[in-house]
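**Q** The sequence shown begins at 2 in the working numbering and counts up by one.
We put the CB at the ideal spot given by N, CA and C, even for glycine.
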Amino acid sequence: MEYTALAPARGVWVRSEQMILLDRDLERAWRRATLAHELAHVDLDHRGDVEGYFARRMEREANLLAARRLLASLDAIGDAIAAHGGDTAAVADELDVPSEVLIRRMENMHPRDRARVVARSRRVQRVS
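1. So, at 7 Å on beta carbons, what are the nonlocal neighbours of Val43 in its own chain, with the 5 sequence-adjacent residues on each side left out?
2. Can you name, in chain order, every residue of its own chain whose Cβ lies under 7 Å from the Cβ of Glu92, other than the five neighbours on each side?
3. Would you call Arg113 buried or exposed, if buried means 16 or more other Cβ atoms sit within 10 Å of its Cβ?
4. Going along the chain, which residues of its own chain have a beta-carbon closer than 7 Å to the beta-carbon of Trp31, five neighbours each way excluded?
5. Classify Leu130: buried if its beta carbon has 16 or more other beta carbons within 10 angstroms, exposed otherwise.
6. Against chain D, does Met2 count as a neighbour if the rule is that its beta carbon must be under 7 Å from one of theirs?
7. Determine which residues share a DSSP beta bridge with Val15 and list them.
8. So is Ser74 buried or exposed if we call it buried at 16+ other beta carbons inside 10 Å?
9. Using three-state DSSP, classify Glu60 as helix, strand or coil.
10. Are the segment 60–71 and the segment 104–111 touching, with three or more C-beta to C-beta distances below 8 Å?
11. Quick one: Cα of Glu52 to Cα of Tyr4, how far?
12. Report the rounded CA-to-CA distance for Ala37 versus Arg69, giving the unit in angstroms.
13. If we count the other Cβ atoms within 10 Å of its Cβ and call it buried at 16 or more, is Ala34 buried or exposed?
14. Closer than 6 Å by C-beta to Val118: which residues in its own chain qualify, once you throw out the five before and the five after it? Chain order, please.
Right under this line is the structure:
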């Protein structure tokens with residue numbers, strides 16, 4: 002992994018070099034999210050030589066896997082929601098991810114997992 006000037010891109014997986022490049026000016030939460038996203042491309046064995054539908058599909062797959070990895074603890078998500086209510090930015094900040102990653106995780110969460118997060122957030126609010 003190397004840091005370099007990539008803006009407006011945040012990161013890129015250079016398959017031929019077996020290297021991830023990250024933009025050197027990223028804030029911590031975006032650095033974590035971008036690294037998780039690029040590692041998802043590696044783990045999913047994505048190729049960089051596709052366009053259109055397949056490129057969009059690969060980006061979506063990497064985004065979803067990165068969000069699941071960064072926000073794996075349903076209890077932590079529930080606790081953060083309880084602490085900050087409906088303030089998405091504050092919840093994301095506590096979880097050290099960009100708001101986009103939190104929203105993606107919540108929107109694509111299995112209903113059983115979403116119910117667990119909601120129950121946890123309510124239980125923590127009652128105890129507080």
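**A** The answer reads as follows:
1. Trp14
2. Here the sequence assigns Val to residue 92, which means Glu is not the residue at that position. Result list for Val92: Ala81, Ile82, His85 and Leu103, in chain order.
3. exposed
4. Arg11 and Pro99
5. Summary: the structure shown does not reach residue 130, with the chain confined to residues 2 through 129, and so no result is reported for it.
6. Among the chains of the structure shown, chain D does not appear; only one protein chain is present.
7. Met20
8. exposed
9. helix
10. yes
11. 26 Å
12. 10 Å
13. buried
14. Leu75, Ile78 and Gly79
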